[in-house]
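Data first, discussion second: the structure below is written as structure tokens.
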Amino acid sequence: MDLNIHTETLAAVLGLSIALGALTSRTNFCTMGAVSDWINIGDLGRMRSWMLAIATAMAGLVGMESAGVIDLSTTYPPYRSPQLAWLRYLTGGLLFGVGMTLASGCGNKTLVRIGGGNLKSVFVLAVGALFAYLMIFTEFYALAFGWMGSFTLSLDARGIDSQALGSVVAGTIGGDAATLNRALAWLIAAALAVWAFSNAEFRRDPDNIAGGLGFGLAVLAGWWLTAGPRAAEWKEWAEFADVLPSRVEAQSYTFVGPMADSARYLLDPTNTALLNFGIMALVGVIVGAFLYAIVAGKFRVEWFRSSADLVRHGIGGALMAIGGVLASGCSVGQGITGVSTLALGSAIALLAIIIGSALTMKASMWWLMRE
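Going from the sequence shown to this note's numbering is simple: count from 1 and add 1115.
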């Protein structure tokens, strides 16, 4: 058995994330931008790109699961858990949507902006990492939001062993859960792809197409690296390691939890066991965006226009972190990675993120008009 499999996996994630950071910079793929274009100018190009990313990830994932190539029985976070924490997903999604709008971008876009020289996003990342750390590694979450646990629906008490849509349908009206999951995944992925390409302007936009396909494929690659053919070997290596490495579960891209993990690592930088998929993804996206910005001549240092701008971004970073942890993911972690598993909680979080962002934009426009 290759004793370096953990290092190899993290190195592969780093390389993949550098490519993702460069692609995101080149194509301007942005989930907040997708909502902004829709609300402010009626342009659905980037929204179609976001849905294409979901379709790509979902179709690829169901294909790999059907072929027995990957195993998603245990994931981080537990997307298909029978514990449907609907209030957390809803509240967290709304808070994240508000936060990413105030902070001028979601977690992924924050990293891309840092790579391009935006110091405002460095501040947003620092605030986000602080609050994500408090939510995950201290008692802050239990004290502030522990009461939400009483609203969680235990689907397993109703004989449903997963919150994946097909499993819920099978447990409600009957049928084989695996077959229904496959059928629904193919149907939803096809519908999203058809909707994306039904627009002639979108079909003529190589950036939006490349951004959607590329991000979806990156999510698939993440699943394959952590749940694919070598996943069992990776987990076995971790079990016998001198120090159990962090987050050795099936997973793919998400950007709020990794902020907390990065803060934890910086507090103990000699403990390399704390390095994980999320940290490599975070660093890789920044590096990829930086390399693209340098090559394309787009590196620009940017700072806050005013103290009000600083406060706004700080509040946005805090809300993104709090909301992202509550929702178990961000507009990428739940909005692409989670939704690709057909988890109901991910769908709730995705809709809540879009609604939270859209309402914040509407409120901001009203305020500007009032002034």
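Every residue, glycine too, gets a C-beta built ideally from N, C-alpha and C.
With distances taken Cα to Cα, identify the nearest neighbour of residue i among the options.
i     : options                       : result
G1453 : N1155, A1149 and A1172        : A1172
F1392 : A1433, M1435 and V1334        : V1334
R1228 : L1425, I1401, M1484 and L1474 : I1401
V1440 : L1245, E1123 and M1162        : L1245
A1304 : S1455, W1482 and A1127        : S1455
A1306 : A1174, I1288 and T1190        : A1174
S1188 : E1364, G1290 and G1178        : E1364
R1297 : W1481, R1420, C1445 and L1176 : L1176
V1128 : G1337, D1383 and F1252        : G1337
A1378 : V1213, V1410 and T1253        : T1253
Please confirm whether residue i and residue j have their CB atoms less than 7 Å apart.
i     : j     : result
V1150 : I1469 : yes
V1239 : T1225 : yes
S1132 : A1396 : yes
D1152 : A1342 : no
A1259 : L1457 : no
G1286 : L1299 : no
L1389 : S1361 : yes
A1478 : F1211 : no
G1230 : F1370 : no
G1412 : Y1204 : no
A1464 : I1154 : no
M1263 : Y1256 : no
G1432 : G1136 : no
S1164 : G1274 : no
T1206 : W1349 : no
A1308 : A1182 : no
G1220 : M1147 : yes
L1217 : R1427 : yes
M1215 : M1476 : no
Assuming the contact rule is C-beta atoms closer than 8 Å, residue i and residue j should be a hit. Round their C-beta distance to whole Å, please.
i     : j     : result
A1493 : G1372 : Residue 1493 lies beyond the residue range present for the chain, which begins at 1116 and ends at 1486; the question has no answer from this structure.
N1323 : R1161 : 6 Å
I1394 : Y1407 : Going by Cβ atoms, the distance from I1394 to Y1407 rounds to 21 Å, so no, they are not a contact pair.
Inter-stretch contact (C-beta, 8 Å, three-pair minimum) for the region 1340-1358 and the region 1214-1233: no
Inter-stretch contact at 8 Å, needing at least 3 Cβ pairs: the region 1312-1323 / the region 1230-1237: no
Validate contact between the region 1444-1451 and the region 1460-1468 using beta carbons, cut 8 Å, 3 pairs: yes
Segment contact, 8 Å Cβ cut-off, at least three pairs: the region 1252-1270 with the region 1191-1205: yes
Segments of 4+ residues assigned as alpha helix (DSSP H) that fall wholly inside the region 1297-1360: 1315-1318, 1321-1342 and 1346-1355
Whole alpha helix (DSSP H) elements within the region 1251-1278, 4-residue minimum: 1255-1260
Beta strand (DSSP E) runs contained entirely in the region 1129-1178, provided each spans 3 or more residues: none
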